[in-house]
Amino acid sequence: EPEVTQTPSHQVTQMGQEVILRCVPISNHLYFYWYRQILGQKVEFLVSFYNNEISEKSEIFDDQFSVERPDGSNFTLKIRSTKLEDSAMYFCASSDRGANTGELFFGEGSRLTVL
Amino acid sequence: DQQVKQNSPSLSVQEGRISILNCDYTNSMFDYFLWYKKYPAEGPTFLISISSIKDKNEDGRFTVFLNKSAKHLSLHIVPSQPGDSAVYFCAASAGSYIPTFGRGTSLIVHP
C-alpha cells in the first residue's frame with residue numbers, strides 16, 4: 120500500500136540552527152501539507168502546497184519556515200533558525216483531492232527537539 | 003481559539019462494549035468532518051468522514067453521528083477491540099479550507 124514517508128524520524132538541534140525535514144508523498148497525489156503537534160497539544164496546520172506553490176498557510180508558518188518541492192518526489196519543510204518552541208512532531212501529509220473533500224494520508228512524523 | 007473541541011482527553015472501555023468519542027465545534031461554517039486515529043510513533047490515519055448534508059455515516063464497526071444544531075459529532079465504535087486503543091482526532095473543515103483538528107481523545111480498550 121502506498122504511504123507517505125518522512126525523514127529523519129528524530130532530529131535534535133541547537134537553537135538557531137537550520138533544519139530541513141523531508142517527506143516523500145504518495146506518488147500520484149497533488150496536494151501536500153505540513154502539520155505539527157507540540158507534545159500534549161492539538162495537531163496544528165502549518166502549510167498546504169499545490170501546483171508548485173503554497174496554497175494556504177497558518178499564522179504559525181512565518182518567515183522562518185519555507186517549503187519546497189525540489190524534484191518530482193520530495194517535499195521539504197525548512198526552519199531557518201530554530202527556536203525552543205519549534206520542538207514538536209512534524210507530520211507531512213498528501214492527498215489526491217483537496218483536504219476538504221478527501222482524506223489526508225499522513226507520514227509517521229519527524230520529531231524535532233530544539234535544545 | 004479552539005474551534006474543534008474534544009473535551010475528554012481519555013476514555014477507558016471494556017472490550018466488546020461501545021466506545022463513544024465526542025467532538026464539539028464552534029464554527030457554523032464547517033461542512034465536512036473527519037475522524038483520524040493515531041497509534042504511538044505513527045502518523046494519524048483516516049478513519050471515517052461525514053458531510054454536513056448527512057447526519058450519520060457508517061463503516062463497519064465505526065459510525066459517525068452529526069448533530070448540526072448542537073454543533074456536535076460523535077464516533078461510535080461497536081464492538082470495541084483492544085486494537086482500537088489509540089488517540090482519536092476529530093477534524094472539521096469549511097469549504098476549501100484546511101481541516102482544523104481537535105486535541106484528541108486517548109481511547110484504551112481493556113481486554
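Residue numbers (the numbering used here), protein chains in the order written: chain A, 120 to 234; chain B, 3 to 113. Ideal placement from N, C-alpha and C gives every residue a C-beta, glycine not left out. All of these numbers come straight from a predicted model, not from anything done at the bench.
_Does the CB of B:Leu36 have a neighbour CB from chain A at under 8 Å?_
So, interface residue.
*asked:* Rounding to the nearest angstrom, what Cα-Cα distance links B:Gly62 and B:Lys56 in this structure?
replied: Between B:Gly62 and B:Lys56, the C-alpha separation is close to 17 Å.
*asked:* Strictly below 8 Å CB to CB, what residues from chain A border B:Ser51?
replied: Taking a Cβ-Cβ threshold of 8 Å, the residues of chain A close to B:Ser51 are Glu222, in chain order.
*Local conformation of A:Glu122 per DSSP, three classes*: Coil.
*Any C-beta of chain A sitting closer than 8 Å to the C-beta of B:Ile79?*
Between B:Ile79 and chain A, the shortest Cβ-Cβ separation is not below 8 Å.
_Where the segment 160-180 of chain A meets chain B: residues whose CB sits under 7 Å from a CB there_ = So the list reads Gln160, Lys161, Val162, Phe164, Ser167 and Glu175, given in the order they occur along the chain.
*Going along chain B in order, which residues have a C-beta closer than 7 Å to the C-beta of A:Gly226?*
The contacting residues are Gly45.
*Does the beta carbon of A:Phe194 come closer than 8 Å to any beta carbon on chain B?*
No, no contact with chain B.
*Return helix, strand or coil for A:Ile204, following the three-state DSSP convention.*
According to the sequence displayed, residue 204 of chain A carries Glu and not Ile. Reduced to three states, the DSSP call for A:Glu204 is helix.
*State the Cα-Cα distance for the pair B:Asn69 and A:Phe224, rounded to the nearest angstrom.*
Their Cα atoms are separated by approximately 27 Å.
*DSSP beta-bridge partners of A:Val166*: A:Trp153 and A:Lys176.
*Using DSSP with H/G/I as helix, E/B as strand and the rest coil, what is A:Asp182?*
Coil at A:Asp182, not helix or strand.
*Could you tell me whether the Cβ of B:Arg105 comes closer than 8 Å to any Cβ of chain A?*
Between B:Arg105 and chain A, the shortest Cβ-Cβ separation is below 8 Å.
*Would you call B:Ser12 buried or exposed, if buried means 16 or more other Cβ atoms sit within 10 Å of its Cβ?*
Exposed, by the Cβ-count rule.
_Every unbroken beta strand (DSSP E) within the segment 51-79 of chain B, with a cutoff of 3 residues, ordered by chain_ = Counting whole runs of 3 or more residues, the segment 51-79 of chain B contains the beta strand (DSSP E) stretches 58-61, 64-69 and 74-79.
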